[in-house]
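Participant: Heads up: take any position in the sequence shown, counting from 1, add 993, and you land on the working numbering.
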Amino acid sequence: MRKIIYLFIAIACFSSCSARKKTSTVSNRDARRNNSNIQKANKDAVANYKSYTSLEYIERFKAIAIQEMNQYGIPASITLGQGLFESGAGSSDLAKYANNHFGIKCTSDWTGKSYYKDDDNVNDCFRVYDNPEDSFRDHSNFLKRKNYAKLFELDKNDYQGWAYGLKKAGYATNPNYPQLLINIIEKYNLAQYDRPEGEIAKIKREDRVLSQINNSINKPAQDTLSKTPPDDKIYTVKQGDTLYNISKRFGITVDDLKALNSMNDNNLKIGQKLVVAK
């Protein structure tokens, strides 16, 4: 069964590219305005933000990393190592303002809020989470994509295989990413949190996760922010929304969105009703 499932995934992967990469077309002005709204919305959390040393970061998040490993097979050392590296032990702007600990960018199926910063491109779009735990969970869900499927056939304590596999699958553009990640894992002995699994348990986990990946291929993305029925054409503006985010969420251009609502500028008000479909 496992081979059949992977065959379907491999066929779907034939022409795929990294979902982590996405070019943003948002203007500098809209990016600044959006980020300011996100920072204001999270002002209480930012005011109480705690800086971590690397060891404190590991202690804080090791339990959820182990939980994700047991659920999906991603080595806890990989999750912790990526979190340390991508977020600077939780000190990056993305971690502080967006609770994004893994540098995960917006993709076509992302319906949440966004935060913009220069990365591979100017004003690249990054995901915003309500809390760090959601970032860790979405890290696992993000990796359950067709281009990462083969990694789940690795042992869940094979951190070296995962490190090189992530780079090969397109997670990062830095050619030294695998060795950087391995160096962090070995420096802090993160492999102590990895757990081997028996052959039967491994096969069951692979079948379960690969089935989830296969079932998600070509499934239409659902808008988890809009509380209106799918056939409703009205969207209510929320804190942190921008015309760009809303247009992306509902698959129309900013110009069309403005035309539908007879708007002469990009200003939005919380609670404002917008027509989002023709």
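Where is the CB? At the ideal position from N, CA and C, for every residue including glycine.
#1: So Tyr1122 and Asn1092 are supposed to be a Cβ contact under 8 Å. How far apart are they, rounded?
#2: Give the single residue among Ser1209, Asp1117, Gly1083 and Asn1041 whose Cα lies nearest to the Cα of Asn1021.
#3: In chain order, what residues of the same chain have a beta carbon less than 7 Å from the beta carbon of Phe1095, not counting five sequence neighbours either side?
#4: I think Asn1027 touches Tyr1109, with their Cβ atoms under 8 Å apart; what is that distance to the nearest whole Å?
#5: Once the 5 residues before and after Lys1055 are set aside, which same chain residues still bring their CB inside 6 Å of it?
#6: Apply the 10 Å Cβ neighbour rule to Gln1266 and answer buried if 16 or more other Cβ atoms are within range, or exposed otherwise.
#7: Rounded to whole angstroms, what's the CA-CA distance from Lys1137 to Ile1057? Just pull it up for me.
#8: Our contact map puts Thr1100 next to Arg1242 with C-beta atoms below 8 Å; I'd like the distance itself, whole angstroms only.
#9: Just checking my contact of Met1062 with Lys1149 at CB under 8 Å: how many whole Å lie between their CB atoms?
#10: Tell me where the beta strand (DSSP E) around Val1268 begins and ends.
#11: Where do the ends of the beta strand (DSSP E) carrying Thr1229 lie?
#12: Along the alpha helix (DSSP H) that carries Tyr1065, what are the first and last residues, could you check?
Facilitator: This is what the structure gives:
#1: Start at 1 with the first residue of the sequence shown, and residue 1122 comes out as number 129. Start at 1 with the first residue of the sequence shown, and residue 1092 comes out as number 99. Cβ atoms of Tyr1122 and Asn1092 come within 8 Å of each other, at about 4 Å.
#2: By one-based count along the sequence shown, residue 1021 stands at place 28. For Asn1021, the nearest C-alpha among the options comes from Asp1117.
#3: Start at 1 with the first residue of the sequence shown, and residue 1095 comes out as number 102. The answer, listed in chain order, is Gln1075, Gly1076, Glu1079, Ser1128 and His1132.
#4: For this step, residue 1027 is matched to residue 34 along the sequence shown. For this step, residue 1109 is matched to residue 116 along the sequence shown. Taking a contact as a CB-CB distance under 8 Å, the pair Asn1027 and Tyr1109 counts as one, their CB atoms being some 6 Å apart.
#5: Position 62 of the sequence shown, counted from the start, is the residue given in the question as residue 1055. When the five nearest sequence neighbours on each side are left out, the beta carbons in the same chain lying within less than 6 Å of the beta carbon of Lys1055 are those of Tyr1186, in order along the chain.
#6: Along the sequence shown, one-based indexing puts residue 1266 at 273. Checking the sequence, you will find Lys at residue 1266 rather than Gln. By the 10 Å Cβ count, Lys1266 comes out exposed.
#7: For this step, residue 1137 is matched to residue 144 along the sequence shown. For this step, residue 1057 is matched to residue 64 along the sequence shown. When only Cα atoms are considered, Lys1137 and Ile1057 end up about 17 Å apart.
#8: Position 107 of the sequence shown, counted from the start, is the residue given in the question as residue 1100. Position 249 of the sequence shown, counted from the start, is the residue given in the question as residue 1242. The pair is not a contact, with the Cβ atoms about 12 Å apart (cut-off 8 Å).
#9: Locating residue 1062 in the sequence shown gives position 69, where the first residue counts as 1. Locating residue 1149 in the sequence shown gives position 156, where the first residue counts as 1. Right, the Cβ-Cβ distance comes to about 6 Å (below 8 Å), so this counts as a contact.
#10: Start at 1 with the first residue of the sequence shown, and residue 1268 comes out as number 275. Where Val1268 is concerned, the enclosing beta strand (DSSP E) stretches over Lys1266 to Val1268.
#11: Here residue 1229 refers to the residue found at position 236 of the sequence shown. First-last of the beta strand (DSSP E) with Thr1229: Ile1227 to Thr1229.
#12: Translated into positions along the sequence shown, residue 1065 becomes position 72. Unbroken alpha helix (DSSP H) run through Tyr1065: Ser1047 to Tyr1065.
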